[in-house]
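Written below as C-alpha coordinates is the structure these notes are about.
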Amino acid sequence: MQNYEYVSTIGEGAYGEVWKCRDKSTGDLVAVKGFKQAHQDKVILNLAVREAKLLSLIKHPNLVKLHAAFRSRSGKVYLVFEYVNSSVHDHLERYPCGLPSIPTKILSWQLLSGAAYLHDNKILHRDIKPANILISSQGVVKLCDLGFARGTTCGLREILPLTAYITTRWYRAPEVLIGGHYGPSADWAPDSRRVEPSGQLAVHCSRD
(Lines of atoms letter the chains of each structure in order from A and count residues from 1; the text may use other names and numbers.)
(Lines give C-alpha, C1' and ligand atoms only; values in the text may rest on other atoms or scores of the structure.)
Protein backbone atom coordinates (compact mmCIF):
# COMPACT_ATOMS: atom_id res chain seq x y z
CA MET A 1 0.00 0.00 0.00
CA GLN A 2 3.03 2.29 0.07
CA ASN A 3 2.26 3.34 -3.52
CA TYR A 4 -1.15 4.72 -2.57
CA GLU A 5 -2.18 7.64 -0.39
CA TYR A 6 -5.38 7.16 1.61
CA VAL A 7 -8.04 9.82 0.97
CA SER A 8 -11.27 8.50 2.49
CA THR A 9 -13.33 5.37 3.12
CA ILE A 10 -15.89 4.55 0.43
CA GLY A 11 -17.58 1.58 2.06
CA GLU A 12 -17.26 -1.59 4.09
CA GLY A 13 -18.73 -5.06 3.67
CA ALA A 14 -18.58 -8.47 5.27
CA TYR A 15 -15.33 -9.44 3.54
CA GLY A 16 -13.54 -6.19 2.91
CA GLU A 17 -13.28 -2.43 2.90
CA VAL A 18 -12.96 -0.01 -0.03
CA TRP A 19 -10.95 3.20 0.17
CA LYS A 20 -10.59 6.20 -2.08
CA CYS A 21 -6.85 6.59 -2.61
CA ARG A 22 -4.41 8.51 -4.76
CA ASP A 23 -1.79 6.72 -6.85
CA LYS A 24 1.45 8.41 -5.80
CA SER A 25 3.14 7.72 -9.14
CA THR A 26 0.41 9.24 -11.34
CA GLY A 27 -1.66 11.40 -9.03
CA ASP A 28 -4.81 9.63 -10.22
CA LEU A 29 -7.63 8.71 -7.87
CA VAL A 30 -8.26 4.97 -7.50
CA ALA A 31 -10.47 2.71 -5.42
CA VAL A 32 -8.55 0.18 -3.32
CA LYS A 33 -10.35 -2.86 -1.97
CA GLY A 34 -8.72 -4.55 0.99
CA PHE A 35 -9.91 -8.00 2.01
CA LYS A 36 -10.33 -8.63 5.72
CA GLN A 37 -8.39 -11.61 6.99
CA ALA A 38 -7.64 -12.89 3.47
CA HIS A 39 -4.16 -13.80 4.71
CA GLN A 40 -5.73 -16.00 7.40
CA ASP A 41 -9.05 -17.19 5.97
CA LYS A 42 -8.91 -19.38 2.84
CA VAL A 43 -12.55 -18.66 1.98
CA ILE A 44 -11.93 -14.92 1.82
CA LEU A 45 -8.65 -15.47 -0.03
CA ASN A 46 -10.46 -17.57 -2.64
CA LEU A 47 -13.07 -14.82 -3.10
CA ALA A 48 -10.33 -12.25 -3.67
CA VAL A 49 -8.41 -14.45 -6.11
CA ARG A 50 -11.55 -15.36 -8.05
CA GLU A 51 -12.59 -11.71 -8.37
CA ALA A 52 -9.12 -10.72 -9.59
CA LYS A 53 -8.97 -13.57 -12.11
CA LEU A 54 -12.41 -12.84 -13.55
CA LEU A 55 -11.73 -9.12 -13.85
CA SER A 56 -8.42 -9.80 -15.61
CA LEU A 57 -10.30 -11.74 -18.30
CA ILE A 58 -13.02 -9.22 -19.11
CA LYS A 59 -13.13 -5.74 -20.59
CA HIS A 60 -16.28 -3.71 -21.13
CA PRO A 61 -17.16 -0.01 -20.73
CA ASN A 62 -19.94 -0.91 -18.28
CA LEU A 63 -17.74 -3.00 -15.98
CA VAL A 64 -15.34 -1.43 -13.51
CA LYS A 65 -11.70 -1.73 -14.58
CA LEU A 66 -9.12 -3.53 -12.43
CA HIS A 67 -5.75 -1.76 -12.45
CA ALA A 68 -3.76 -4.04 -10.15
CA ALA A 69 -3.91 -6.87 -7.62
CA PHE A 70 -1.23 -7.54 -5.02
CA ARG A 71 -0.42 -8.96 -1.60
CA SER A 72 1.40 -6.96 1.03
CA ARG A 73 4.40 -8.29 2.94
CA SER A 74 2.03 -9.24 5.75
CA GLY A 75 -0.02 -11.31 3.30
CA LYS A 76 -3.03 -8.99 3.03
CA VAL A 77 -4.74 -8.89 -0.38
CA TYR A 78 -5.62 -5.68 -2.25
CA LEU A 79 -7.36 -4.95 -5.54
CA VAL A 80 -6.94 -1.55 -7.20
CA PHE A 81 -9.76 -0.27 -9.42
CA GLU A 82 -10.54 2.81 -11.45
CA TYR A 83 -12.26 5.36 -9.21
CA VAL A 84 -15.92 6.08 -9.94
CA ASN A 85 -17.41 8.85 -7.85
CA SER A 86 -20.96 7.62 -7.11
CA SER A 87 -23.38 4.70 -7.19
CA VAL A 88 -27.10 4.17 -7.72
CA HIS A 89 -27.32 3.67 -3.96
CA ASP A 90 -25.84 7.14 -3.38
CA HIS A 91 -28.35 8.72 -5.77
CA LEU A 92 -31.31 6.90 -4.25
CA GLU A 93 -30.25 8.07 -0.79
CA ARG A 94 -30.24 11.64 -2.06
CA TYR A 95 -33.34 11.32 -4.26
CA PRO A 96 -35.63 8.64 -2.72
CA CYS A 97 -38.45 9.58 -5.10
CA GLY A 98 -36.38 8.97 -8.24
CA LEU A 99 -33.23 10.08 -10.04
CA PRO A 100 -33.79 13.48 -11.68
CA SER A 101 -30.31 13.84 -13.15
CA ILE A 102 -29.98 10.43 -14.80
CA PRO A 103 -32.40 9.22 -17.51
CA THR A 104 -33.56 5.83 -16.27
CA LYS A 105 -33.64 4.29 -19.75
CA ILE A 106 -30.01 5.20 -20.39
CA LEU A 107 -28.98 3.84 -16.99
CA SER A 108 -30.90 0.61 -17.61
CA TRP A 109 -29.45 0.09 -21.08
CA GLN A 110 -25.88 0.40 -19.79
CA LEU A 111 -26.59 -1.88 -16.84
CA LEU A 112 -28.12 -4.54 -19.07
CA SER A 113 -25.23 -4.18 -21.51
CA GLY A 114 -22.71 -4.94 -18.76
CA ALA A 115 -24.72 -7.89 -17.45
CA ALA A 116 -25.21 -9.29 -20.97
CA TYR A 117 -21.45 -9.13 -21.59
CA LEU A 118 -20.82 -11.16 -18.44
CA HIS A 119 -23.42 -13.75 -19.44
CA ASP A 120 -22.02 -13.98 -22.98
CA ASN A 121 -18.69 -14.80 -21.36
CA LYS A 122 -20.26 -17.45 -19.09
CA ILE A 123 -19.97 -15.35 -15.93
CA LEU A 124 -22.73 -14.86 -13.35
CA HIS A 125 -22.40 -11.68 -11.28
CA ARG A 126 -24.72 -12.87 -8.47
CA ASP A 127 -24.63 -9.63 -6.46
CA ILE A 128 -26.20 -6.86 -8.56
CA LYS A 129 -27.66 -4.22 -6.25
CA PRO A 130 -27.68 -0.39 -6.07
CA ALA A 131 -24.37 -0.17 -4.19
CA ASN A 132 -22.66 -2.27 -6.89
CA ILE A 133 -23.90 -0.13 -9.78
CA LEU A 134 -21.48 2.78 -10.11
CA ILE A 135 -22.17 5.98 -12.05
CA SER A 136 -19.33 8.19 -13.24
CA SER A 137 -19.51 11.98 -13.44
CA GLN A 138 -20.03 11.51 -17.21
CA GLY A 139 -23.08 9.31 -16.59
CA VAL A 140 -21.36 6.02 -17.46
CA VAL A 141 -22.71 3.02 -15.55
CA LYS A 142 -20.20 0.45 -14.31
CA LEU A 143 -20.98 -2.81 -12.54
CA CYS A 144 -18.55 -3.55 -9.73
CA ASP A 145 -17.85 -6.06 -6.95
CA LEU A 146 -17.47 -9.45 -8.58
CA GLY A 147 -16.67 -11.08 -5.25
CA PHE A 148 -19.62 -13.47 -5.59
CA ALA A 149 -19.28 -13.84 -9.37
CA ARG A 150 -18.28 -17.15 -10.88
CA GLY A 151 -17.51 -18.63 -14.23
CA THR A 152 -19.88 -21.32 -15.44
CA THR A 153 -20.60 -23.57 -18.40
CA CYS A 154 -24.25 -22.56 -18.15
CA GLY A 155 -25.99 -21.27 -21.29
CA LEU A 156 -28.37 -18.30 -21.21
CA ARG A 157 -31.44 -20.51 -20.66
CA GLU A 158 -29.78 -23.27 -18.68
CA ILE A 159 -29.57 -23.89 -14.94
CA LEU A 160 -27.06 -25.57 -12.65
CA PRO A 161 -26.94 -26.53 -8.95
CA LEU A 162 -25.05 -23.51 -7.59
CA THR A 163 -24.60 -21.89 -4.18
CA ALA A 164 -27.88 -20.50 -2.86
CA TYR A 165 -26.38 -18.07 -0.34
CA ILE A 166 -25.48 -15.25 -2.70
CA THR A 167 -26.27 -11.54 -3.10
CA THR A 168 -28.31 -9.39 -0.73
CA ARG A 169 -31.64 -11.00 0.17
CA TRP A 170 -33.73 -8.17 -1.26
CA TYR A 171 -32.20 -8.72 -4.71
CA ARG A 172 -32.19 -12.51 -4.91
CA ALA A 173 -34.11 -14.09 -7.75
CA PRO A 174 -37.03 -16.38 -6.77
CA GLU A 175 -35.19 -19.53 -7.84
CA VAL A 176 -32.27 -18.59 -5.58
CA LEU A 177 -34.56 -17.85 -2.62
CA ILE A 178 -36.07 -21.33 -2.74
CA GLY A 179 -32.62 -22.92 -3.00
CA GLY A 180 -33.15 -24.36 -6.45
CA HIS A 181 -30.92 -24.61 -9.49
CA TYR A 182 -30.28 -21.35 -11.32
CA GLY A 183 -28.41 -19.78 -14.21
CA PRO A 184 -27.91 -16.34 -15.83
CA SER A 185 -31.54 -15.41 -15.16
CA ALA A 186 -30.65 -15.25 -11.45
CA ASP A 187 -29.00 -11.91 -12.28
CA TRP A 188 -32.53 -10.51 -12.45
CA ALA A 189 -31.62 -7.42 -10.43
CA PRO A 190 -30.99 -5.29 -13.57
CA ASP A 191 -34.69 -5.71 -14.40
CA SER A 192 -35.84 -4.86 -10.88
CA ARG A 193 -33.38 -1.95 -10.85
CA ARG A 194 -35.17 -0.42 -13.81
CA VAL A 195 -38.13 0.57 -11.65
CA GLU A 196 -36.35 1.49 -8.42
CA PRO A 197 -34.35 4.46 -9.84
CA SER A 198 -37.59 5.86 -11.30
CA GLY A 199 -39.06 6.15 -7.82
CA GLN A 200 -41.47 3.24 -8.15
CA LEU A 201 -41.55 0.30 -5.78
CA ALA A 202 -39.60 -2.70 -6.99
CA VAL A 203 -40.96 -6.18 -6.35
CA HIS A 204 -38.86 -7.80 -3.63
CA CYS A 205 -39.40 -10.29 -0.86
CA SER A 206 -40.50 -9.01 2.52
CA ARG A 207 -39.02 -9.91 5.89
CA ASP A 208 -41.65 -12.64 6.12
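The numbering of the sequence shown is UniProt numbering, which starts it at 1 and goes up by one.
Note that the Cβ used here is the ideal one computed from N, Cα and C, for glycine as well.
Quantities reported herein were computed from a predicted structural model and do not represent experimental measurements.
Closest in alpha carbon position to residue 19, among 147, 32, 152, is 32. Taking all protein chains in view, the Cβ of residue 130 is crowded by 16 or more other Cβ atoms within 10 Å, so the residue is classified as buried. Measuring C-alpha to C-alpha distances from residue 76 to each of 8, 4, 139, 36 identifies 36 as the nearest.
For the pair residue 7 and residue 21, the CB atoms are nearer than the 8 Å cut-off. Excluding the 5 residues flanking it on each side, residue 34 has same chain C-beta neighbours closer than 6 Å at 16, 17, 78, in chain order. The C-alpha of residue 134 is placed about 11 Å away from the C-alpha of residue 82. In this structure, the beta-carbon distance from residue 62 to residue 124 does not fall below 8 Å. In this structure residue 114 is buried. Its beta-carbon is surrounded by 16 or more other beta-carbon atoms within 10 angstroms. Residue burial annotation: residue 14 is exposed, with fewer than 16 other C-beta atoms found within 10 angstroms of its C-beta.
Distances from the alpha-carbon of residue 139 to those of 149, 132, 107, 118 put 107 closest.
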